[in-house]
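Asks: Protein chains in written order, with my numbering: chain A, 211 to 514; chain P, 211 to 514; chain C, 211 to 514.
Provided herewith is a single structure, encoded as structure tokens, for subsequent inquiry.
Set out below in structure tokens:
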């Protein structure tokens with residue numbers, strides 16, 4: 211792997227993905243020597259609220275023996291004074307050895323990367339990309355069921371979820387069969403479908419789980435956001451239909467894993483947490499070895 | 211001491227208290243070897259504003275050579291997206307080796323501890339417990355006047371102050387004579403009085419300091435909150451009566467120490483800061499060795 | 211250099227300035243041994259929003275091998291409960307080995323320094339001082355053009371900018387010729403002019419750049435704040451006149467450096483970023499070696 215910045219999951223080849231995931235698996239087995247990063251500072255620039263992504267990068271850098279500096283919230287920063295993103299990142303690159311950036315505007319990370327010399331990792335840019343989420347999703351799939359002959363169902367809000375679009379693109383790289391399950395109003399956008407078609411993705415769309423559940427190795431559930439619906443009734447109806455329960459999972463493959471990028475609201479019933487299917491908390495925890503691996507490859511780079 | 215979590219001061223036996231306070235005294239004398247904790251990350255989850263408790267844990271972990279990751283404010287986190295506390299702690303336990311939790315709901319820390327495998331320390335749960343405050347209070351008392359034949363006055367808002375309820379419970383463990391001094395409207399709640407009676411506490415109640423001041427080793431003052439009173443006049447009258455001044459302390463024992471959990475507003479006149487009685491800033495500083503001791507016992511556990 | 215606190219640039223003698231700048235230059239060339247500060251904790255107390263100053267101190271302490279504890283925003287702290295600044299700093303000094311303080315009230319740092327035993331560094335007190343900004347400005351000037359026979363233009367809002375007042379005072383120490391360029395309504399305040407006159411500063415005032423641009427070694431631009439103007443029209447007119455463009459710089463000395471304390475809004479056109487004149491991002495980055503030097507001198511103090 212040799213990238214100066216990680217902006218989009220689309221820039222990752224199959225070889226890149228294997229390199230990061232192999233390194234993550236090594237790290238999960240035996241934590242690396244931390245002295246290498248004793249002098250390394252990672253800058254955290256989150257222009258939108260975040261708990262898990264920010265804490266996960268923070269923890270990953272510290273698990274590597276390095277440290278972080280945090281811009282804090284937009285409200286507590288001089289961004290309020292009207293500074294451009296280009297200026298902000300050009301200043302802050304002087305305080306850190308690499309930057310993690312989340313920003314509400316699509317394309318923000320790409321733009322920022324054109325102004326700075328230190329590596330930039332995109333931690334979400336609006337409706338755009340969130341490549342480290344994709345990498346930890348792939349890691350969770352590979353560690354549990356492998357990539358061979360993989361059948362995955364991706365369910366819920368497929369229209370707005372950036373997680374889904376990135377993941378689907380990457381899954382094409384590992385030749386997965388992808389089933390998209392959503393209400394008509396939350397179907398994958400035409401542009402994404404076209405994009406997947408162009409790269410030869412193996413994709414089918416469904417409006418319910420019944421036809422496909424028993425054939426799946428992975429069921430990836432996403433949050434259906436109340437604010438996407440014009441009225442409460444329609445929301446309730448849709449949300450009720452796309453809720454995973456223990457009863458529903460009785461029809462599934464024993465080895466099926468259920469994933470979710472979290473936070474969840476009602477999409478997965480709490481009783482599912484107790485089943486062997488539930489991998490969503492472990493999935494979140496996998497952010498640590500995956501982000502450690504990524505930082506190690508981008509900053510230390512012994513395994514390029 | 212062997213506890214997986216520290217949820218309530220009530221779970222601490224006299225032996226537990228001595229173990230923590232002895233270790234804290236050791237640490238205050240000679241800081242421990244910090245290499246043991248070079249790989250340790252403490253997660254800070256504060257769902258309510260806090261300065262001193264959060265900074266104190268942050269500093270204590272770092273004084274031990276470890277580091278921290280901070281969830282930030284609720285406004286900057288995905289808690290806003292409707293995630294349950296149980297889900298939040300199950301995710302964040304993957305980023306840290308132990309969690310410190312403050313939450314506005316009584317029982318939150320207990321509940322959280324049932325969902326995670328890492329140790330949880332309760333840093334305040336609404337009107338409930340705040341056990342590390344109790345430990346640093348006990349440490350301050352023991353270091354200054356000892357527990358033998360101890361007479362303590364606890365004054366101010368005894369109705370709402372969680373600090374007071376925890377402390378009073380623990381003081382019973384060290385056989386202290388406890389004098390509660392408050393206006394009628396801010397008396398210790400009946401449930402707490404009953405609880406103290408059940409465990410054989412040595413307790414008397416007063417509406418003024420005059421009868422008891424000269425008999426005290428410790429005067430523990432708490433903040434009287436304006437928002438507890440229906441009208442400003444009543445507040446002023448009460449607050450004025452329960453204000454400690456240098457003049458008032460002229461009648462006290464020379465060795466009397468004045469304590470306060472801070473922040474104070476007007477309960478202690480600034481001139482008292484200059485007297486030998488004032489121990490409230492030192493009391494706050496004692497949070498460092500006490501929390502270092504606690505983390506050391508819970509995480510390293512060489513002295514169990 | 212031997213100061214317990216750094217409150218004002220005015221307390222720095224020429225020898226002090228040289229000591230800090232020499233140490234910063236050493237650090238920029240070869241980072242110091244970081245083991246000396248492995249046990250050092252710097253407390254960050256920012257009562258006002260800040261990005262660059264706070265992150266810069268945070269990074270500088272960590273580049274020295276130490277760590278920091280952060281009070282967080284005022285909204286997330288117990289300052290909201292009505293605690294006085296004197297009480298807050300007396301508590302927090304127990305959690306750290308030195309404190310960096312930014313506060314909206316002029317004189318806050320001075321006042322705070324009278325209550326604590328640990329060193330305090332003023333990181334801005336309202337319209338008052340911001341001495342580490344002055345030091346990094348001086349460092350940037352010295353590294354680029356030196357102090358010998360220095361001619362500097364200071365332009366923009368000279369009335370409200372605390373940066374300017376501190377810098378101007380310090381520049382008198384190095385015998386610079388200072389040209390102040392501003393609209394009539396944003397002239398240097400009479401009190402500052404008087405103060406500069408008293409210490410023998412070499413100062414001239416202008417309402418435009420034309421007369422002086424070609425004679426300058428340094429052009430220091432400051433932000434003209436919209437909110438200072440009664441109406442939008444007047445703001446636009448003034449802001450337009452005091453905007454630096456590549457075209458305008460065609461008349462300047464080849465070696466002229468353009469500085470700005472940042473954030474900028476429209477005072478410097480983006481095309482200037484690409485010229486050799488632009489030093490404002492490097493100026494911000496210079497905050498790291500300068501603050502490392504200062505912390506090293508105040509905390510370690512091997513080079514006094």
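Beta carbons: idealized from backbone N, C-alpha and C, even for Gly.
(1) Tell me which residues share the same chain as residue 384/P and place their Cβ nearer than 6 Å to its Cβ, disregarding the 5 neighbours each side in the sequence.
(2) I want to know whether the stretch 450-463 of chain A touches the stretch 425-436 of chain A - three or more CB-CB distances under 8 Å.
(3) Kindly list the residues whose CB is nearer than 6 Å to the CB of residue 387/A, restricted to its own chain and excluding five residues on each side of it in sequence; keep chain order.
(4) Residue 388/P bridges to which residues according to DSSP?
(5) Near residue 277/P, which residues of its chain fall below 8 Å by C-beta distance, leaving aside the five closest residues on each side in sequence?
(6) Kindly indicate if chain P contains any beta-carbon less than 8 Å away from that of residue 340/A.
(7) What does residue 293/A touch in chain C if you count any residue whose Cβ is under 7 Å from its own?
(8) Comparing the C-beta of residue 268/A with each C-beta of chain C, is any distance below 8 Å?
(9) By the DSSP assignment, the alpha helix (DSSP H) with residue 325/C in it spans what residues?
(10) For chain A, is any of its Cβ atoms less than 8 Å away from the one on residue 247/P?
(11) Residue 215/P and residue 329/P: beta carbons closer than 8 Å?
(12) Suppose you measure from the CA of residue 363/P to the CA of residue 422/P; what does that come to, to the nearest Å?
(13) How many angstroms separate the CA atom of residue 512/P from the CA atom of residue 507/C?
(14) Mapping the DSSP letters down to three states, classify residue 422/A as helix, strand or coil.
(15) Short of 8 Å Cβ to Cβ, which residues in the stretch 314-333 of chain C face chain P?
(16) Under 8 Å: do the stretch 304-318 of chain P and the stretch 251-269 of chain P share three or more Cβ pairs, one atom per stretch?
(17) Expressed to the nearest angstrom, what Euclidean distance is found between the alpha-carbon atoms of residue 440/P and residue 473/P?
(18) Label residue 409/P either buried or exposed according to how many other C-beta atoms from any shown protein chain fall within 10 Å of its C-beta, with 16 as the threshold for buried.
(19) Are there 16 or more other CB atoms within 10 angstroms of the CB of residue 280/C, so buried, or fewer, so exposed?
(20) Would the beta-carbon of residue 304/C fall within 8 Å of that of residue 494/P?
(21) Given a limit of 7 Å on CB to CB distance, which residues of the stretch 483-496 of chain C reach chain A?
(22) Between 306/P, 258/P, 298/P and 225/P, which has its C-alpha nearest residue 509/P's C-alpha?
(23) Using a beta-carbon distance below 8 Å, is residue 301/A in contact with chain C?
(24) Look at the alpha carbon of residue 233/A and the alpha carbon of residue 296/P, and state the distance between them as a whole number of angstroms.
(25) From residue 350/A to residue 341/A, what does the alpha carbon distance come to, in whole angstroms?
(26) Please work out which residues of its chain come closer than 7 Å, Cβ to Cβ, to residue 335/P, disregarding the five sequence neighbours upstream and downstream, and give them in chain order.
(27) According to DSSP, residue 488/P sits in a beta bridge with which residue or residues?
(28) Quick check on the burial criterion: 16 or more other C-beta atoms within 10 angstroms. Buried or exposed for residue 283/A?
(29) Residues of chain P with CB under 7 Å from residue 265/A, in chain order?
(30) Please report whether the beta-carbon of residue 335/A lies at a distance below 8 Å from any beta-carbon of chain C.
(31) Work out the CA separation of residue 294/A and residue 346/A for me, nearest whole Å.
(32) For residue 221/C and residue 343/C, I'd like the C-alpha separation in whole angstroms.
(33) Please report the distance separating the alpha-carbon of residue 392/A from that of residue 299/P.
(34) Compute the Euclidean distance between the alpha carbons of residue 259/A and residue 471/A, then round it to the nearest angstrom.
(35) Quick check: is the beta carbon of residue 227/P nearer than 8 Å to any beta carbon in chain C?
(36) Can you look up residue 267/C in the DSSP assignment and give me helix, strand or coil?
Replies: Considering the structure as presented:
(1) For the purposes of this step, residue 384/P is taken as residue 174 along the second chain, with counting starting at 1. 357.
(2) Here the stretch 450-463 of chain A lies against the stretch 425-436 of chain A, with 3 or more beta-carbon pairs under 8 Å apart.
(3) Numbered from 1 along the first chain, position 177 holds the residue referred to as residue 387/A. Contacts found: 361 and 412.
(4) In the second chain, counting from the first residue as 1, residue 388/P sits at position 178. 362/P and 413/P.
(5) On the second chain, position 67 is the one that residue 277/P refers to. The answer, listed in chain order, is 250, 251, 252 and 271.
(6) Counting from one through the first chain, the residue named residue 340/A turns up at place 130. For residue 340/A, the answer is no, since every Cβ of chain P falls outside 8 Å of its Cβ.
(7) For this step, residue 293/A is matched to residue 83 along the first chain. Those are 473, listed as they occur along chain C.
(8) Here residue 268/A is taken as the residue at index 58 of the first chain, counted from 1. By this cut-off, residue 268/A is not an interface position.
(9) As a first step, residue 325/C is located in the third chain; it is residue number 115 there, counting from the start. Looking at the DSSP string, residue 325/C is not in any alpha helix (DSSP H), and its letter there is neither H nor E.
(10) Taking the first residue of the second chain as position 1, residue 247/P is located at position 37. Answer no: the Cβ-Cβ gap between residue 247/P and chain A never drops below 8 Å.
(11) To locate residue 215/P, count along the second chain from 1; it is residue 5. To locate residue 329/P, count along the second chain from 1; it is residue 119. Judged by beta-carbon spacing, residue 329/P lies within the 8 Å limit of residue 215/P, meaning their Cβ atoms are closer than that value.
(12) As a first step, residue 363/P must be located in the second chain, where it is residue number 153. As a first step, residue 422/P must be located in the second chain, where it is residue number 212. Taking the straight line from one Cα to the other gives about 8 Å.
(13) The residue you call residue 512/P lines up with position 302 of the second chain. The residue you call residue 507/C lines up with position 297 of the third chain. In this predicted model, residue 512/P has a pLDDT of only 49, less than 50, meaning its place in the structure is not dependable enough to derive any value.
(14) Counting from one through the first chain, the residue named residue 422/A turns up at place 212. Three-state DSSP puts residue 422/A in coil, outside helix and strand.
(15) Hits within the stretch: zero.
(16) In this structure the stretch 304-318 of chain P touches the stretch 251-269 of chain P; the number of beta carbon pairs closer than 8 Å is three or more.
(17) The residue given as residue 440/P occupies position 230 in the second chain. The residue given as residue 473/P occupies position 263 in the second chain. CA-to-CA, the gap between residue 440/P and residue 473/P works out to about 22 Å.
(18) As a working note, residue 409/P is residue 199 in the second chain. Exposed, since its Cβ has fewer than 16 Cβ neighbours within 10 Å.
(19) Looking up residue 280/C in the third chain gives position 70. Burial check for residue 280/C: the Cβ neighbour count within 10 Å reaches 16 or more, so the residue is buried.
(20) In the third chain, residue 304/C corresponds to position 94, counting from 1. In the second chain, residue 494/P corresponds to position 284, counting from 1. In contact: residue 304/C and residue 494/P (Cβ atoms closer than 8 Å).
(21) Result list: 491, 494 and 495.
(22) In the second chain, the residue the question calls residue 509/P occupies position 299. Comparing Cα-Cα distances from residue 509/P to each of 306/P, 258/P, 298/P and 225/P, the minimum goes to 306/P.
(23) To locate residue 301/A, count along the first chain from 1; it is residue 91. In terms of beta-carbon proximity, residue 301/A lines the interface with chain C, with at least one pair separated by less than 8 Å.
(24) For the purposes of this step, residue 233/A is taken as the residue at position 23 of the first chain. For the purposes of this step, residue 296/P is taken as the residue at position 86 of the second chain. Between residue 233/A and residue 296/P, the alpha-carbon positions lie close to 31 Å from each other.
(25) In the first chain, counting from the first residue as 1, residue 350/A sits at position 140. In the first chain, counting from the first residue as 1, residue 341/A sits at position 131. Looking at the backbone, the Cα of residue 350/A and that of residue 341/A are separated by about 14 Å.
(26) Within the second chain, residue 335/P is the residue found at index 125, counting from 1. Correct list, in chain order: 313, 315, 316, 317, 318 and 319.
(27) To locate residue 488/P, count along the second chain from 1; it is residue 278. Beta-bridge pairing links residue 488/P to 468/P.
(28) Position 73 of the first chain, counted from the first residue, corresponds to residue 283/A. Buried, by the Cβ-count rule.
(29) On the first chain, position 55 is the one that residue 265/A refers to. The contacting residues are 279, 281, 302 and 305.
(30) Walking along the first chain from the start, residue 335/A turns up at place 125. Contacts with chain C at 8 Å (Cβ-Cβ) do not include residue 335/A.
(31) Stepping through the first chain from its first residue, residue 346/A is reached at position 136. Stepping through the first chain from its first residue, residue 294/A is reached at position 84. One alpha carbon belongs to residue 346/A, the other to residue 294/A, and they sit about 31 Å apart.
(32) By one-based count along the third chain, residue 221/C stands at place 11. By one-based count along the third chain, residue 343/C stands at place 133. Taking the straight line joining both Cα atoms gives about 14 Å.
(33) Start at 1 with the first residue of the first chain, and residue 392/A comes out as number 182. Start at 1 with the first residue of the second chain, and residue 299/P comes out as number 89. Those two C-alpha atoms are separated by around 29 Å.
(34) Here the question's residue 259/A lines up with position 49 in the first chain. Here the question's residue 471/A lines up with position 261 in the first chain. Those two C-alpha atoms are separated by around 16 Å.
(35) Numbered from its first residue, the second chain carries residue 227/P at position 17. Not one chain C Cβ lies under 8 Å of residue 227/P.
(36) Here residue 267/C refers to the residue found at position 57 of the third chain. DSSP, read as helix, strand or coil, puts residue 267/C in helix.
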